[in-house]
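Reviewing the structure listed below.
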Amino acid sequence: MGVLSKWLDSDVGYSFKTSPVAIAAAAVAFICIFCAVFAGVIAPHNPFDLTTLELSDARIPPAWIEGGKAKFFLGTDDQGRDILSALMYGARVSLAVGIVSVILSVIIGVTLGLLAGFFGGWIDTLLMRICDVMLSFPPILVALLIAGVGRAMFPNAHTSVAFGVLIISITLTGWVQYARTVRGSTLVERNKEYVQAARVTGVASSRIMLRHVLPNVLGPVLVLATIHVATAIITEATLSFLGVGVPPTSPSLGTLIRVGNDYLFSGEWWITVWPGLMLILIALSVNLLGDWLRDALNPRLR
């Protein structure tokens, strides 16, 4: 509580307290993350437990009543899985893929951006040309390529390969933004007096980058990472919708939307509408938090 009270009394905390949009976005994001993390405890059903599924329960509309109680509050999908439970487990899959891919992108991008901006010369030229090449490959095409190679090499490990394909494809195309952002900030920081003073006193270049330059370039990275989480989740849903993401047996938000799309025009709208709304809520809340964090960390925008 002491740490929380100190944070609320800081400039960023005050900005959060006085922003109704940030508070609402944080509340929505917290509820979605809480339901995803504790899905195994609070979910009414386990969509991975095939022994509890019955085909007779397939495509039941929302709020179906049995014994005076709603058995499936949001309805069921084509396999008889409870949509509400599938949303909780699906949000866990989407958030896990998005967060892991963003963490890997930040590590790779920040490292290469620091090297390019601090040393310059041929290192800067080489790394920036690699960034230009990576920007020409969309995540979907990278995922298709890696999926073909991965499934050919590991034909009996479809689920593990699918998650690896999603994370690698999003990471390979996501680190470029961090590298460019950190490089630009490093080019400014390396010419300041405190860096020059550290060089004169004989401090190693690696220590200057880690102890002096890195803390001063992390502000834009935090904002970019927050927004990139929403982008990564949407990318995962898109890839799963196209069939190159997680397998159909895994209730990811993208797979649920893809399954529901086949029944949308036959009247079973709930199979695709609820996962779509869940995806919108997660992406919108994270984006709004990213916008607030950008304004809070930049005094010129206050």
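According to numbering that gives the first Met the number 0, the sequence shown is numbered sequentially starting from 0.
Glycine included, every Cβ here is placed at the ideal spot set by N, Cα and C.
- Assignment of beta-bridge partners to residue 81 by DSSP yields 75.
- Between residue 237 and residue 139, the CB-CB gap stays under 8 Å.
- Between residue 270 and residue 82, the CB-CB gap stays under 8 Å.
- For a cut-off of 8 Å, the C-beta gap from residue 142 to residue 243 is around 5 Å, short enough to register as a contact.
- Less than 8 Å divides the Cβ of residue 85 from the Cβ of residue 76.
- One Cα belongs to residue 235, the other to residue 229, and the distance between them is close to 10 Å.
- Here residue 97 carries a helix assignment [DSSP, helix/strand/coil].
- Distance from the CA of residue 208 to the CA of residue 179, rounded to the nearest whole angstrom, comes to 16 Å.
- Taking all protein chains in view, the Cβ of residue 192 is surrounded by fewer than 16 other Cβ atoms within 10 Å, so the residue is classified as exposed.
- DSSP places residue 262 outside any alpha helix (DSSP H), giving it a letter other than H or E.
- Inclusion of residue 23 and residue 87 in the CB contact set at 8 Å is not warranted, their separation being larger than that value.
- Setting aside the 5 residues that flank it on each side, residue 267 is surrounded in the same chain by 58, each with a C-beta closer than 6 Å to its C-beta; the list follows chain order.
- 8 Å or more divides the Cβ of residue 187 from the Cβ of residue 211.
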